[in-house]
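In what follows, a structure is listed as structure tokens, so that the remarks can point back to it.
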Amino acid sequence: MNLLEVNNLSRRYGDFIAVDDISFSLRAGELLALIGPNGAGKTTTFNMIGGQLPVTHGSILLAGQSIANLPARQIWKKGVGRTFQIAATFSSFTVLQNIQNALLAYRRRTYHIWQSADRLYRQQASTLLEQVGMLAQADRPCSELAYGDIKRVELAMALASEPRLLLMDEPTAGMAPRERQDLMTLTRDIAQARNTAVLFTEHSTDVVFGFADRILVLARGQLIAQGTPREIRDDPNVRQVYFGTGLNPQHDASGPSLSGAGTRTDTADGVRP
Ligand code: ATP
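Position one of the sequence shown corresponds to residue -1 (this note's numbering), numbered consecutively onward.
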């Protein structure tokens, strides 16, 4: 059975259709990239799955159970975790404390006054930090970390809720090519080890084509293509939307961006700014 089934999903803002009747599925352990020019509807799709936005029409099933229009916290509790584009760590807390905090938030454990929060979930937090390669930095405040390390801490925080599905909104935004590769290698290894499904948006072609098992392409709210990286690269519709913007089969490690497509006015189909 698919872990996630999205059927005929739509979202309107007044008369404007931001997401238009899209359907796709995702298997446990799979990495699925959601790409598209600026304004294509990626964030809107994410927010409907995560419960931050109501669905106008359609269904979202997690392991066969409907999660559409449930409160975000309930969706999170059912196993949909999320990392955000903007760092979500407490900078004055240590790395370990941030993970302990995430574990406390998920397990909502009440603790007695004589029991220091610092002692709770130490072992579990350390295990998560080990998995993301950050155990050696457990006692450093997050304010001192390099950007790539903060993203690792955020990944560990998201894993604290033991998600079956992890939504990652531009996980490598602002990262150098090497850091991007490292974070995505880690994400892929963790997804496989835990059998976690990952749905991610991304603008860097090196990440999308190097790590996604399958790719969904949105343009103006519609799903214009879905398939393996090779199928997407060879798809004439996709080439038209990204005409001249670096969707190149021979993509190089510097990772041309997919975001520029939406800002062009000279694309073959006039993708709007
Ligand atoms: P980006 O890559 O720039 O983040 P995106 O693919 O995530 O873009 P969305 O943020 O989902 O796109 O937006 C899809 C469309 O819906 C855009 O045209 C946007 O202007 C519009 N939109 C988003 N939020 C609202 C809102 N609250 N009210 C009206 N229109 C909105």
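From the three backbone atoms N, C-alpha and C, an ideal C-beta is built for every residue, glycine too. On a predicted model such as this, the values are computed, not experimentally measured, just so you know.
* Cβ separation of PRO227 and PHE198, assumed to be a contact under 8 angstroms, to the nearest whole Å -> Incorrect: roughly 14 angstroms between the Cβ atoms, too far for contact.
* Name the two residues that bound the continuous beta strand (DSSP E) containing MET166. => 163 to 167
* In whole angstroms, what is the alpha-carbon distance linking PHE44 and GLU229? -> 23 angstroms
* **Identity of the residue in ARG120, THR185, GLY37 nearest GLN129 by Cα** => THR185
* Can you tell me which of LYS75, LEU118, LEU165, ALA217 puts its alpha carbon nearest to the alpha carbon of ASN96? => LEU118
* To do: Return yes when at least one heavy atom of the ligand PLP lies under 7 angstroms from the C-beta of LYS40, else no.
  => Ligands in the displayed structure: the ligand ATP; the ligand PLP is not one of them.
* To do: Output yes or no for whether 8 angstroms exceeds the beta carbon distance between VAL53 and ALA66.
  => yes
* Do ILE15 and SER21 have their C-beta atoms within less than 8 angstroms of each other? -> no
* Asked: Taking Cβ positions, are ALA195 and GLY79 nearer each other than 8 angstroms?
  -> no
* To do: Measuring alpha carbon to alpha carbon, tell me which of VAL93, PHE88, ALA123, LEU51 ends up nearest ILE73.
  => LEU51
* Which residues bound the alpha helix (DSSP H) around GLU160? -> No alpha helix (DSSP H) holds GLU160; DSSP gives it neither H nor E.
* **Cβ-Cβ distance between ALA123 and GLN98 below 8 angstroms** => yes
* **Residue of SER23, TYR11, VAL215 minimising C-alpha distance to MET(-1)** => SER23
* Figure out for me which residue from LEU157, GLN179, ASN5 has the closest Cα to the Cα of ILE188. => LEU157
* Asked: Are the beta-carbon atoms of THR92 and ASP18 separated by less than 8 angstroms?
  -> no
* To do: Report yes or no: do the segment 148 to 163 and the segment 208 to 221 share at least 3 C-beta pairs separated by less than 8 angstroms?
  => no
* To do: Please state if the CB of GLY49 and the CB of ALA70 are separated by a distance shorter than 8 angstroms.
  => yes
* Answer yes or no: the CB of PHE14 versus the heavy atoms of the ligand ATP, is any distance below 7 angstroms? => yes
* Asked: What is the DSSP secondary structure of ILE230, counted as helix, strand or coil?
  -> helix
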